[in-house]
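Asks: Residues 0 to 255 in this note's numbering are what the sequence shown lists, from first letter to last. Cβ atoms here follow ideal geometry from the backbone N, Cα and C, with glycine treated the same way. Small disclaimer: the values here were computed from a predicted structure and weren't measured.
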Amino acid sequence: MRVRPTIPSTESSRLRLRTFIGGNASGLSCFRVCSVCTVGETSVVDVRDAVVLLGSFPALAEANVRINAGELVVVHGPNGAGKTTLLRLCAGLLPLSRGSARIMGFDIEAERSLVRASVGFLGHANGLYLDLTAGENLSFWGHVVGANREEVTAAAVRMGLNDRLLATPVARLSAGQKRRTALAVMAVRRASLWLLDEPHAGLDAAGRDEIDALLRDAVAAGATVVIASHELERSASLASRRIEVVGGRIIEQGER
């Protein structure tokens with residue numbers, strides 16, 4: 000069983016718990032965002048001259064990225080540009096070959112477990128337990144982070160998971176239903192930094208609109224959201240800032 004690492008209590012760290020409760024036509028939305036950062040830090044992501052090698056291939060080359068708390072940022076670029084590599088680096092899933100990176104104020108190399116404790120990453124794989132039902136996946140993560148039943152139920156309702164879907168093993172769900180379940184888990188986990196790789200993949204138009212609303216609400220709750228997408232038109236309307244990646248290099252950072 001995976002257990003969320005305990006965050007040490009030191010003078011250089013602080014723990015902030017912010018609660019957001021809201022609702023819309025799709026149902027109640029409830030977030031409790033637990034954010035950890037070093038005192039005096041406003042940047043949630045601070046990547047400097049980062050090089051990430053996949054084998055001998057530089058998937059990320061001398062990248063410099065700074066993302067402030069509360070931003071909703073889209074990382075845009077063609078397939079193979081390095082978008083996923085950047086997100087996986089920020090999630091603590093890839094090592095640096097050169098350069099430095101601080102996520103939530105923590106050093107990505109020396110404090111990797113603390114980075115992974117405060118970050119939620121949703122990649123092309125949904126990260127769900129296939130042999131458990133959708134409801135059991137939500138309950139498991141709710142138990143890990145100490146979420147109450149109302150929070151878990153609110154996340155399920157918000158993502159359109161009815162009783163039938165909650166009782167269905169994840170292995171039997173459609174691609175869109177799995178994506179909805181994974182996003183509900185993200186809400187339950189209370190991640191301070193959301194990293195989402197092509198979050199709209201596998202969803203119909205209604206599902207995509209619901210995800211957009213969910214991400215905006217997560218930011219309103221105090222989370223920072225970074226999405227990687229090659230669909231510039233849709234993601235640009237959602238985000239406040241765009242980071243352009245081509246050939247593993249950051250070529251532009253600016254307003255959408």
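What is the DSSP secondary structure of V218, counted as helix, strand or coil?
Replies: What you label residue 218 is simply residue 219 of the sequence shown in a count that begins at 1. Helix.
Asks: What separation, rounded to the nearest whole angstrom, lies between the Cα atoms of H199 and K177?
Replies: Here residue 199 refers to the residue found at position 200 when the sequence shown is read from its first residue. Here residue 177 refers to the residue found at position 178 when the sequence shown is read from its first residue. Rounded to the nearest angstrom, the two C-alpha atoms are 12 Å apart.
Asks: G98 by DSSP, collapsed to three states: which one?
Replies: To locate residue 98, count along the sequence shown from 1; it is residue 99. Residue state, collapsed to three classes: strand.
Asks: Expressed to the nearest angstrom, what Euclidean distance is found between the alpha-carbon atoms of V187 and V143?
Replies: Locating residue 187 in the sequence shown gives position 188, where the first residue counts as 1. Locating residue 143 in the sequence shown gives position 144, where the first residue counts as 1. If I take the Cα positions, the gap works out to 10 Å.
Asks: Compute the Euclidean distance between the alpha carbons of I250 and S112, then round it to the nearest angstrom.
Replies: By 1-based counting over the sequence shown, the position of residue 250 is 251. By 1-based counting over the sequence shown, the position of residue 112 is 113. Rounded to whole angstroms, I250 to S112 spans 30 Å at the Cα level.
Asks: List the whole-angstrom C-beta distance separating V244 from G81, where the pair is believed to meet the contact cut-off of C-beta under 8 Å.
Replies: Along the sequence shown, one-based indexing puts residue 244 at 245. Along the sequence shown, one-based indexing puts residue 81 at 82. V244 to G81, Cβ: 5 Å. Contact.
Asks: Under three-state DSSP, which class holds H75?
Replies: By one-based count along the sequence shown, residue 75 stands at place 76. Strand.
Asks: Applying the 10 Å Cβ sphere with the 16-neighbour rule, what's the burial state of P94?
Replies: For the purposes of this step, residue 94 is taken as the residue at position 95 of the sequence shown. Classification of P94: exposed, given that the 10 Å Cβ count is below 16.
Asks: Which class does R240 belong to by DSSP, given the choice of helix, strand or coil?
Replies: Numbered from its first residue, the sequence shown carries residue 240 at position 241. The answer is strand: DSSP assigns R240 an E or B state.
Asks: Exposed or buried, S34, counting other C-beta atoms within 10 Å across all chains shown (16 or more means buried)?
Replies: Sequence index remark: in the sequence shown, residue 34 carries index 35 (1-based). For S34, the predicted structure reports a pLDDT of 49, less than 50, and the residue's modelled location is therefore unreliable. The matter cannot be settled from this model.
Asks: Starting from the N-terminal side, write out each stretch of the alpha helix (DSSP H) that is 4 residues or longer and does not extend beyond the segment 101-160.
Replies: The segment 101-160 contains these whole alpha helix (DSSP H) runs: 111-117, 133-144 and 148-157.
Asks: By Cβ distance, which residues of its chain are closer than 6 Å to L195, with the 5 residues on each side in sequence left out?
Replies: As a working mapping, residue 195 is identified with position 196 in the sequence shown. Answer for L195: L121 and I226, listed in chain order.
Asks: For T18, count neighbouring C-beta atoms within 10 Å of its own C-beta (all shown protein chains included) and say buried if the count is 16 or more, exposed if not.
Replies: Within the sequence shown, residue 18 is the residue found at index 19, counting from 1. Because T18 sits at a pLDDT of 31, beneath the cut-off of 50, its placement in the model cannot be relied upon, and the following sentence gives the value as read from the coordinates. Exposed, by the Cβ-count rule.
Asks: CA-CA distance, V169 and A155?
Replies: Counting from 1 along the sequence shown, the entry for residue 169 is found at position 170. Counting from 1 along the sequence shown, the entry for residue 155 is found at position 156. Going by the C-alpha atoms only, they are around 14 Å apart.
Asks: Applying the 10 Å Cβ sphere with the 16-neighbour rule, what's the burial state of L71?
Replies: Counting from 1 along the sequence shown, the entry for residue 71 is found at position 72. Burial call: buried.
Asks: Taking the alpha-carbon positions, what's the R207 to R47 distance?
Replies: Position 208 of the sequence shown holds residue 207. Position 48 of the sequence shown holds residue 47. Near 33 Å, if we compare the C-alpha coordinates of R47 and R207.
Asks: For L52, name the three-state secondary structure that DSSP assigns.
Replies: By 1-based counting over the sequence shown, the position of residue 52 is 53. Looking at L52 - three-state DSSP - the assignment turns out to be strand.
Asks: Which residues mark the beginning and the end of the alpha helix (DSSP H) in which D162 is found?
Replies: Taking the sequence shown and counting its residues from 1, the one referred to as residue 162 is at position 163. D162 to L165 is the extent of the alpha helix (DSSP H) around D162.
Asks: So what does DSSP say about R188, is it helix, strand or coil?
Replies: Counting from 1 along the sequence shown, the entry for residue 188 is found at position 189. Three-state result, R188: helix.
Asks: Taking DSSP as the reference, what is the three-state secondary structure of L182?
Replies: Indexing the sequence shown from 1 puts residue 182 at position 183. It is helical.
Asks: Taking all protein chains shown into account, decide if D130 is buried (16 or more other Cβ within 10 angstroms of its Cβ) or exposed.
Replies: Counting from 1 along the sequence shown, the entry for residue 130 is found at position 131. Counting Cβ neighbours within 10 Å, D130 comes out exposed, since fewer than 16 surround it.
Asks: So, G119 versus A190, is the Cβ gap smaller than 8 Å?
Replies: Position 120 of the sequence shown, counting from 1, holds the residue named residue 119. Position 191 of the sequence shown, counting from 1, holds the residue named residue 190. Contact flag set, yes.
Asks: With H, G and I counted as helix, E and B as strand and the rest as coil, what does DSSP make of I249?
Replies: Along the sequence shown, read from residue 1 onward, the residue named residue 249 stands at position 250. Three-state DSSP puts I249 in a strand.
Asks: Report all residues from its chain with a CB closer than 7 Å to the CB of V114; omit the five preceding and five following residues, and keep chain order.
Replies: By one-based count along the sequence shown, residue 114 stands at place 115. Cβ within range, chain order: G91, I102, M103, F105 and I107.
Asks: R65: which of G54, C89 and N78 sits nearest, CA to CA?
Replies: As a position in the sequence shown, residue 65 is number 66, starting the count at 1. Comparing Cα-Cα distances from R65 to each of G54, C89 and N78, the minimum goes to C89.
Asks: Report all residues from its chain with a CB closer than 8 Å to the CB of G39; omit the five preceding and five following residues, and keep chain order.
Replies: Working through the sequence shown from its first residue, we reach residue 39 at position 40. With a pLDDT of only 41 at G39, under 50, the local geometry of the prediction cannot be trusted, and the value read off the model is given with reservation. Counting only Cβ-Cβ distances below 8 Å, and skipping sequence neighbours, we find nothing.
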